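Note that numbering that gives the first Met the number 0 has the sequence shown beginning at 0, numbered continuously upward.
No residue lacks a Cβ here, since even glycine has one placed at the ideal position from N, Cα and C.
Note that the structure is a prediction, hence the values are computed from the model and not measured.
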Amino acid sequence: MSAIEAGAPRKIDIILVAAVAENGVIGRDGGLPWRLKSDLQYFKSVTMNKPMIMGRRTFQSIGRALKGRTSIVVTRDADFAAPDIVVAPSLEAALIAARGDALRRGADAIAVIGGTDIFAQTMATADRLVLTIVHAHPQGDALFPDIDQAQWREIDRRAHPKGPEDDCAFTFATYIRRGAA
Ligand SMILES: NC(=O)c1ccc[n+]([C@@H]2O[C@H](COP(=O)([O-])OP(=O)(O)OC[C@H]3O[C@@H](n4cnc5c(N)ncnc54)[C@H](OP(=O)(O)O)[C@@H]3O)[C@@H](O)[C@H]2O)c1
Numbered sequence: 000m001s002a003i004e005a006g007a008p009r010k011i012d013i014i015l016v017a018a019v020a021e022n023g024v025i026g027r028d029g030g031l032p033w034r035l036k037s038d039l040q041y042f043k044s045v046t047m048n049k050p051m052i053m054g055r056r057t058f059q060s061i062g063r064a065l066k067g068r069t070s071i072v073v074t075r076d077a078d079f080a081a082p083d084i085v086v087a088p089s090l091e092a093a094l095i096a097a098r099g100d101a102l103r104r105g106a107d108a109i110a111v112i113g114g115t116d117i118f119a120q121t122m123a124t125a126d127r128l129v130l131t132i133v134h135a136h137p138q139g140d141a142l143f144p145d146i147d148q149a150q151w152r153e154i155d156r157r158a159h160p161k162g163p164e165d166d167c168a169f170t171f172a173t174y175i176r177r178g179a180a
């Protein structure tokens, strides 16, 4: 009898999805320090039909719930509200809501989409890092946590040339936790 037939709980991965410059910068003044249309399409394909967990500041930089995904916004502000989002008062509450949403959708992963504050709190428990390495060194005030090479193993790398609506070239890179299957 398989684990599914036996009723074992289904594994739902936590994936961190981020665009990170070569100097670790992910944001500036509450927004992105670059324009990368091709990466937005990649972000859409990675997150589609999944629950997405984000910090309140990242939600406000996006400005709205994104179609086809559940936007779970973490904030300590009990009065925070916006159309078509789920508000969570803690990261733990966000993860519980995300897991329920993933089970309902039949999704195999929860996408954590930032920003710095939320990445820092989820890096230790994440299963996968789905990164866009942006080939630039912009100034910024939001950084991605250091990737400890002893903890993470790169399993995929695809270079992408600068498209007509991109500021620069970039590379898609996926990491899994060392020791994971
Ligand atoms: N390049 C990328 O891939 C990428 C992705 C995402 C974001 N960004 C950039 O990153 C920047 C935003 O990052 P950020 O670190 O400033 O903000 P953030 O992580 O998006 O949001 C931080 C907020 O989340 C809430 N929060 C965090 N931890 C919490 C917890 N444990 N319990 C309850 N609430 C919690 C708090 O909201 P309250 O203050 O409301 O309590 C906190 O102020 C922007 O520049 C954005 O453009 C870049």
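Next item on the list: Note down, in chain order, each residue of its chain lying with its Cβ closer than 8 Å to the Cβ of PRO182, except the 5 sequence neighbours on either side.
Entry: Nothing in the structure corresponds to residue 182, since the chain is present only between 0 and 180.
Margin query: So ILE71 and MET47 are supposed to be a Cβ contact under 8 Å. How far apart are they, rounded?
Written below: In the sequence shown, counting from the first residue as 1, residue 71 sits at position 72. In the sequence shown, counting from the first residue as 1, residue 47 sits at position 48. Not really, about 15 Å apart at Cβ, beyond 8 Å.
Notebook entry, point to check: GLN138: beta carbon under 7 Å from a heavy atom of ligand 1?
Noted result: On the sequence shown, residue 138 is found 139 positions in, with the first residue counted as 1. No, ligand 1 has no heavy atom inside 7 Å of this Cβ.
Note to self: Quick check on the burial criterion: 16 or more other C-beta atoms within 10 angstroms. Buried or exposed for GLU164?
What the structure shows: As a working note, residue 164 is residue 165 in the sequence shown. With fewer than 16 Cβ atoms within 10 Å of its Cβ, GLU164 is classed as exposed.
Item checked: Inter-stretch contact at 8 Å, needing at least 3 Cβ pairs: the region 150-166 / the region 110-120 -> no
Notebook entry, point to check: Under the criterion of a Cβ to heavy atom distance below 7 Å, does PHE79 qualify as lining ligand 1?
Noted result: Translated into the one-based positions of the sequence shown, residue 79 becomes position 80. Indeed, a heavy atom of ligand 1 lies less than 7 Å from the Cβ.
Next item on the list: Please state if the CB of ALA80 and the CB of VAL86 are separated by a distance shorter than 8 Å.
Entry: Residue mapping note: residue 86 aligns to position 87 of the sequence shown, counting from 1. Residue mapping note: residue 80 aligns to position 81 of the sequence shown, counting from 1. Taking 8 Å as the Cβ cut-off, VAL86 and ALA80 qualify as a contacting pair.
Next item on the list: May I ask you to check if the CB of GLN40 is nearer than 7 Å to at least one heavy atom of ligand 1?
Entry: On the sequence shown, position 41 is the one that residue 40 refers to. Flag unset: Cβ of GLN40 not near ligand 1.
Notebook entry, point to check: Are the beta-carbon atoms of ARG177 and GLN150 separated by less than 8 Å?
Noted result: Residue numbering aside, residue 177 sits at position 178 when the sequence shown is read from its first letter. Residue numbering aside, residue 150 sits at position 151 when the sequence shown is read from its first letter. For ARG177 and GLN150, yes; Cβs fall inside 8 Å.
Margin query: Can you confirm whether the region 95-112 touches the region 7-15 when touching is taken to mean that 3 or more C-beta pairs between the two stretches lie within less than 8 Å?
Written below: yes
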